[in-house]
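Quick note: the sequence shown uses the UniProt record's numbering, first residue 1, plus one each step. Quick reminder that beta carbons are idealized off the backbone N, C-alpha and C, glycines included. If you're wondering where the values come from, they're calculated on a predicted model, not measured in any experiment. Some notes on the structure that comes next.
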Amino acid sequence: MGCCGSKEKYNGGDVPKSQRLDNRPTNDVNGKQPQRQQPPNKRKNNTIRKAVPASQQNNPTSLFEITDLSLKNDIIEGLQEQPQDSDLLAQYGVLLSMEGKNKEAEESLKKAVEADSDNSRAWQAYGEFLERTNNPKKAKEIYGEAYKHAAPKIALDEDDSSLLLSYAIFIQKSGDIDKAEKLYKRIVTSGARSSNSLGRYGLFLMEVKKDVEKGGIYLKDAADIDPPSAEWCTRYSNYLKTYKKDEFEASKYQKRVSLYVN
Numbered sequence: 001m002g003c004c005g006s007k008e009k010y011n012g013g014d015v016p017k018s019q020r021l022d023n024r025p026t027n028d029v030n031g032k033q034p035q036r037q038q039p040p041n042k043r044k045n046n047t048i049r050k051a052v053p054a055s056q057q058n059n060p061t062s063l064f065e066i067t068d069l070s071l072k073n074d075i076i077e078g079l080q081e082q083p084q085d086s087d088l089l090a091q092y093g094v095l096l097s098m099e100g101k102n103k104e105a106e107e108s109l110k111k112a113v114e115a116d117s118d119n120s121r122a123w124q125a126y127g128e129f130l131e132r133t134n135n136p137k138k139a140k141e142i143y144g145e146a147y148k149h150a151a152p153k154i155a156l157d158e159d160d161s162s163l164l165l166s167y168a169i170f171i172q173k174s175g176d177i178d179k180a181e182k183l184y185k186r187i188v189t190s191g192a193r194s195s196n197s198l199g200r201y202g203l204f205l206m207e208v209k210k211d212v213e214k215g216g217i218y219l220k221d222a223a224d225i226d227p228p229s230a231e232w233c234t235r236y237s238n239y240l241k242t243y244k245k246d247e248f249e250a251s252k253y254q255k256r257v258s259l260y261v262n
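So this is what it looks like as structure tokens:
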């Protein structure tokens, strides 16, 4: 793959090559594609992203957030070359859902998790799809199956954490507060640090457990993550105004996103 800093025009925007479909390997003398070397314990990811500023990405591993219809031709082209690629199948399912083709969308999402049962991003997309199509019973089943694959891992990567976060929010909505809390704790202690996971746990503590002080700690952690999240900087700013009566500190967090220099 090219250098992470290099960019090229892609769907009307400058998108780092590191966020594009992996460069496809050429065939060897036997007509077979050589196997790429992957980092230990890290699965290949072929997701194609739209260009969205980090400050606007509340959940940067959700395919429903990083996919739009402008990517359709690229995803179809990718599937023509790699028809069993789990990432591309999941993303194609999301695109079909956006077009209102829910039957075909579910078929593609099902193929995605069958192609790679360790693909947390595909499981998350399947669960989110079922929630969006008002099928909570099936969503619970799919999230539960996904949990079996992600939960045994000692350290959760970004995709695992995002999957379990979606599951925690779903479980919380269903009323199982104890199970939701266990999931939130697992994510913030064993998962990749992200503003969304820290912030969601902070809100859970404040709104459900009524622990405003502890919840505020996690909101601050969420707002302090770089690059800053507009959502969590704003939420923590409001927390400071409402509970701490600290307008000065609140204004600093309100400005943090615009002042951030990467």
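- Nearest in C-alpha terms to K72, of all of L183, M98, D226, L198, is M98.
- The Cβ atoms of Y236 and Y260 lie no closer than 8 Å to each other.
- Judged by their CB atoms, I154 and W123 are not nearer to each other than the 8 Å cut-off.
- In terms of Cα proximity to Y167, the closest of N196, L198, E128 is E128.
- Taking a C-beta distance under 8 Å as the contact criterion, L164 and R186 qualify as a contact pair.
- Per DSSP, E104 is one residue of the alpha helix (DSSP H) stretching across 102 to 115.
- Counting along the chain, the unbroken alpha helix (DSSP H) around Q80 starts and ends at 72 to 81.
- Sorting R121, Y201, K140, I169 by C-alpha distance to the C-alpha of D221 places Y201 at the top.
- Under the three-state reduction of DSSP, A230 is assigned to helix.
- For S162 and E247, the gap between their C-alpha atoms comes out near 32 Å.
- Following the DSSP letters along the chain, one finds R186 inside the alpha helix (DSSP H) bounded by residues 177 to 190.
- Burial is judged here by how many other beta carbons sit within 10 angstroms of a residue's own beta carbon; E81 has fewer than 16 and is exposed.
- For D157, the three-state secondary structure derived from DSSP is coil.
- Within the same chain, and ignoring the five residues on either side of V257 in sequence, the residues whose Cβ sits closer than 7 Å to its Cβ are S55, P228, A230, C233.
- Annotated as distal: V113 and Y92, with beta-carbon spacing of 8 Å or more.
- T189 has its alpha-carbon roughly 29 Å from the corresponding atom of K137.
- Counting every other CB atom within 10 Å of its CB across the protein chains shown gives Q172 a total of 16 or more, marking it as buried.
- Excluding five sequence positions before and after Y243, the CB atoms of its chain that fall closer than 8 Å to its own CB belong to V212, G216, given in chain order.
- Close CB contacts of I169 within its chain, under the 7 Å cut and outside five residues either way in sequence, are with R200 (chain order).
- I225 sits in coil when the DSSP states are folded into three classes, being neither helix nor strand.
- The beta carbon of L183 is closer than 7 Å to those of L164, Y167, A168, I171 in its chain, skipping five residues each way along the sequence.
- A distance below 8 Å separates the beta carbons of L95 and I75.
- Shown here, S258 sits in a helix according to DSSP, grouped into three states.
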